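Numbers in our numbering are just positions in the sequence shown, counted from 1, shifted up by 930. Note that CB positions come from ideal geometry on N, CA and C, so glycine has one too. As the structure is a prediction and not an experimental result, all values here were calculated from the model. Everything below concerns the one structure shown next.
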Amino acid sequence: MLPRRTNQNPQSNTRSFLNVSDDKVHLIDLPEDSDSNRRCGSSYGWLVILEETPSISIVNPLTQAKHHLPPLSSFPNVTSFEPSEIGKEYTLKTSEGEVYTCNSKEMRDSFIKKKGDNCWKFIDDANSFCEDVVFHKGCFYAVSKHGTVAICDITGSSPNVSFIETPRQVGGDMQYLVIWKDELLLVTRYMEVEFNMDHHKVDIVYKTTDFRVFKLVLNGPKWESMSGLDGCALFLGENSSMAFRASDFHGCNGNCIYFTDDYSEWNYDGANGDHDLGIYDLENGSVSKSTLITRPDGFNEESGKTNVDDHFSKLGWLFV
931 MLPRRTNQNP QSNTRSFLNV SDDKVHLIDL PEDSDSNRRC GSSYGWLVIL EETPSISIVN
991 PLTQAKHHLP PLSSFPNVTS FEPSEIGKEY TLKTSEGEVY TCNSKEMRDS FIKKKGDNCW
1051 KFIDDANSFC EDVVFHKGCF YAVSKHGTVA ICDITGSSPN VSFIETPRQV GGDMQYLVIW
1111 KDELLLVTRY MEVEFNMDHH KVDIVYKTTD FRVFKLVLNG PKWESMSGLD GCALFLGENS
1171 SMAFRASDFH GCNGNCIYFT DDYSEWNYDG ANGDHDLGIY DLENGSVSKS TLITRPDGFN
1231 EESGKTNVDD HFSKLGWLFV
């Protein structure tokens, strides 16, 4: 899903979707994506929509399928929700009476809803495992800042959490979990932060400098360093990180990591970056800027409208 154009009517619910397989832009009505709602993330083509009311829903913009999730009022210990307080939207109260705030990402990683339930539940044993979460072989896998993995099995009446104690990962600023050839990868992102003084104001600027890739080896267990991806490319972000065989997609380079600018300002209060997204080459360690995708010449908004059928593959669409 492409960003709105600067000259687009702010009241319009029409959104542009780029099909990278044929370089065509399709316009789709998406009433859920209004200014009063917030997109909290996406996974496998589903958008998570949070309204100013307690309502939460997931929407597939291509098929128009929609599912409602339990409202915020069912979150344990949540005393208030303020959507305008970016980064500290939720106020919670502990059983000891302590009051604290959480942002959307922290709330996303601290709660779970099992299919059929009408409320959210705490995963008490895995509160520190919030760097990244993936669903793999019927369970949720979550990783801590230091590479320890928690496995959450929700097949029973309540979540069952177990741990894979790997040697401590030292260094790195962000951790990602990616499913690659039915195996679990840990990708560590290294960033550089600069402090610039401009008009007596400190400007904190960050940029990505390096990545390291590890494969989980259960016989140990341990993280095994990898120097290549066997012709695959990784796409990393705060939503769903994925691995694809590069030869299946025109213009995609193998053994490379495509990354987005998803650094949280809460790691460094007030930090900003110059669109820190690009391509990292695992073979030579270089970082290059990603290619900008522009609207095709002569594109007409009205003629570009289309009905999207189920035969469109989710892999053929780019969500930004």
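Straight-line gap, residue i to residue j (C-alpha atoms, nearest Å)
i	j	result
F1229	N990	Low confidence applies to F1229: its pLDDT is 39, below 50, so where it sits in the model is not reliable enough to give any reading.
K954	F947	8 Å
S1251	M1121	What is shown of the chain runs 931 to 1250, which leaves residue 1251 out entirely.
S972	S1218	25 Å
L1159	H956	33 Å
N985	D963	Looking at the sequence shown, residue 985 is not Asn but Ser. Cα to Cα, S985 sits roughly 14 Å from D963.
D1199	I1134	Any reading at D1199 needs caution, since the residue's pLDDT is 47, under 50, leaving its predicted position unreliable; the model's value is listed next. Each residue's alpha carbon lies about 9 Å from the other.
F1144	G1184	17 Å
T1096	S942	50 Å
beta-carbon residue i near the ligand NAD non-hydrogen atom, thresh 6 Å
i	result
F1011	For the structure depicted, the ligand NAD is absent and the ligand set is empty, with no information on it obtainable.
Residue i classed as buried or exposed, judged by whether at least 16 other C-beta atoms fall within 10 angstroms
i	result
M1127	exposed
L1148	exposed
N939	exposed
R1225	Since pLDDT at R1225 reaches only 36, below the 50 mark, its modelled position is unreliable, and the value read off the structure follows with that caveat. Exposed: under 16 other Cβ atoms inside 10 Å.
E1113	exposed
I1016	exposed
V1029	exposed
A995	exposed
N1214	exposed
T1024	exposed
D1178	exposed
Three-way DSSP call (helix, strand, coil) for residue i in this model
i	result
S1025	coil
D959	strand
D1178	helix
A1072	strand
A894	This structure leaves residue 894 out entirely; the chain is present only between 931 and 1250.
D1055	helix
S964	coil
S942	coil
S1157	coil
S1218	strand
Per DSSP, cross-strand counterpart(s) of residue i
i	result
T1031	T1021
C1186	A1163 and D1211
T1138	M1121
L999	I986
**Item:** beta strand (DSSP E) segments (min. 3 residues) lying fully within the region 1075-1130
**Value:** 1079-1083, 1090-1094, 1104-1110 and 1113-1128
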